[in-house]
Structures are given as C-alpha cells and as structure tokens.
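Data first, discussion second: the structure below is written as structure tokens.
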Amino acid sequence: MEPLHLVHIKILAADLLSLTVQQTSPPSFLRRGRTVTRAELVGIVVSRDRRDKFLRFFIDDGTGCVPCVLWLNHQYLNANASSELSDSDPTAEMALKMSEDVLLGTLLRVRGKIVMYRGAIQIAVRDVVLEKDPNVEVLHWLQCVRLAKECYDLSPPSAQGKQWLLFLGLTPFLPSHYCCNGNTGQAAPKRI
C-alpha cells in the first residue's frame, strides 16, 4: 500500500489544485505518481456560505484558494436520529462547533479528504482548528517545501530503497558488510 495513502499530507493550495486526477470510481489523486487521499491546509477564510446541510468556505494560503465543505447534516445521515440534534450524535455537534470557527478573515488549519465535485478538487473537511499565531502559516509553508523535497516528491520506496529507509529514520543494514567494534571486539553491522 502507498505510504501517503492514509495520511493527511501537508500541502499548499497550488499543489493540491494541480494534482493529477485518475478517472476511477471514486476518483483518485496523484502527486508525482503517488496516490494521495487526504490533505492538511493552513490559510485565511476568504469566502463562507452556510446552508442547512453544509458549510462551504474557501481557504487562501497565498498560492491559491481551495474550496472546502464541512457537512453539518450528520443527523440526516443517521437513520435512527430525530430531526433534532441529540446527545447520541456527537459527530453533528462537533461539526456545528467547528463551523462556528469558520469566519471570514480567520486563520485556520483544515484537514480532510480530497474529493471531486463538479469537475473541481475540493476538501471534504474532517476537522478545523482555529490558529491564533500568524506564524503558523509560514511554518506550514516551510514544512510543505521540506516534505515535498524529502518525502512526497521522491520515487516510491521500491525505487528508492535505502534513501526511503533513511528518511523514515531506519538504518538499512547490509549483512555482508561488518566492521569491528574496537572496544568489545564484537562484530557490529556497518551502517550505510
């Protein structure tokens, strides 16, 4: 399985909106040949439209605007739920609470699933975090650049082998190459 398949990758709007779409059912998204399904963005809310069943808003991180949809109709999706919100539906309550943080001009961290709607990429929001420190946006940019260079834009692990293991913090050992530990005289695997 693809290592990036089930994680929220930190990504800039321009990179997210330029993902390659594979026409499968459901559509899948590729970044340099690697499948990505979830994303994390940090940016300013520049548009907000609340309806009964969802909140649609746009996040601008300086590289582009990403449409995001936060579904509020969990009580409609649950067949056992009444039309009123109940204590038994914490998902709907959390969605309503998150929707209160989505105000024009606020800095947000948004995580969710990458989806297609009417031919355009958007985020089906899983969670929203109100960021109070404006430096978070710059930090997110730097993390996106670093992760793209060191992780996301690398060839898959089968092609990279040792480089991928080193990035993950694992040390590959070659059983045929040993060096002598001078203090104990025991053979120790040589790190490459």
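Per the UniProt record's numbering, the sequence shown starts with residue 1, numbered consecutively.
Where is the CB? At the ideal position from N, CA and C, for every residue including glycine.
Just the Cα atoms here: how many angstroms apart are residue i and residue j?
i      : j      : result
Leu17  : Ile11  : 10 angstroms
Ala79  : Leu72  : The predicted position of Ala79 is uncertain, since its pLDDT is 46 and thus under 50; a value taken from the coordinates is nonetheless stated next. Near 15 angstroms, if we compare the C-alpha coordinates of Leu72 and Ala79.
Asn153 : Phe57  : Here the sequence assigns Asp to residue 153, which means Asn is not the residue at that position. If you take the alpha carbons of Asp153 and Phe57, they lie about 29 angstroms apart.
Leu130 : Ser25  : 33 angstroms
Arg146 : Arg38  : 18 angstroms
Ile121 : Ala13  : 11 angstroms
Gln143 : Lys149 : 10 angstroms
Arg51  : Asn135 : 32 angstroms
Gly119 : Glu137 : 28 angstroms
Gly33  : Tyr117 : 22 angstroms
Ile114 : Asp15  : 12 angstroms
Suppose the cutoff is 6 angstroms on Cβ atoms and the five residues either side in sequence are ignored; what does the same chain contact list for residue i look like?
i      : result
His140 : Val42
Arg111 : His8, Glu40, Arg126 and Asp127
Arg109 : Val42, Val129 and Glu131
Asp60  : Gly43, Ile44 and Val46
Gly64  : Ala13, Ala14 and Leu17
Asp101 : Val128 and Leu130
For residue i, which three-state DSSP category applies?
i      : result
Ala81  : Here the model assigns Ala81 a pLDDT of 45, short of 50, so the residue's position is not dependable and the matter cannot be decided.
Val110 : strand
Gln122 : strand
Arg51  : coil
Arg146 : helix
Thr91  : helix
Val102 : coil
Lys132 : coil
Val7   : coil
Leu70  : strand
Taking 8 angstroms as the limit between beta carbons, can you name the residues of its chain near residue i, skipping five residues before and five after?
i           : result
Thr20       : Phe29, Leu30 and Arg31
Phe54       : Val69, Leu70, Trp71, Leu72 and Asn73
Met98       : Leu70, Val125, Asp127 and Val128
residue 194 : There is no way to answer for residue 194, as the model of the chain reaches only from 1 to 192.
Using a Cβ-Cβ cut-off of 7 angstroms (strictly less than) and excluding sequence neighbours within five positions of residue i, which residues of its own chain qualify?
i     : result
Ser47 : Phe57 and Phe58
Just to check my reading of the structure: residue i and residue j have Cβ atoms closer than 8 angstroms, yes? What is that Cβ distance to the nearest angstrom?
i     : j      : result
Val36 : Ile123 : Going by Cβ atoms, the distance from Val36 to Ile123 rounds to 12 angstroms, so no, they are not a contact pair.
Just to confirm the assignment: which complete beta strand (DSSP E) runs, minimum length 3, are found wholly within the segment 15-49? Entirely contained in the segment 15-49, the beta strand (DSSP E) runs reaching 3 residues are, in chain order, 20-22, 28-31 and 34-36.
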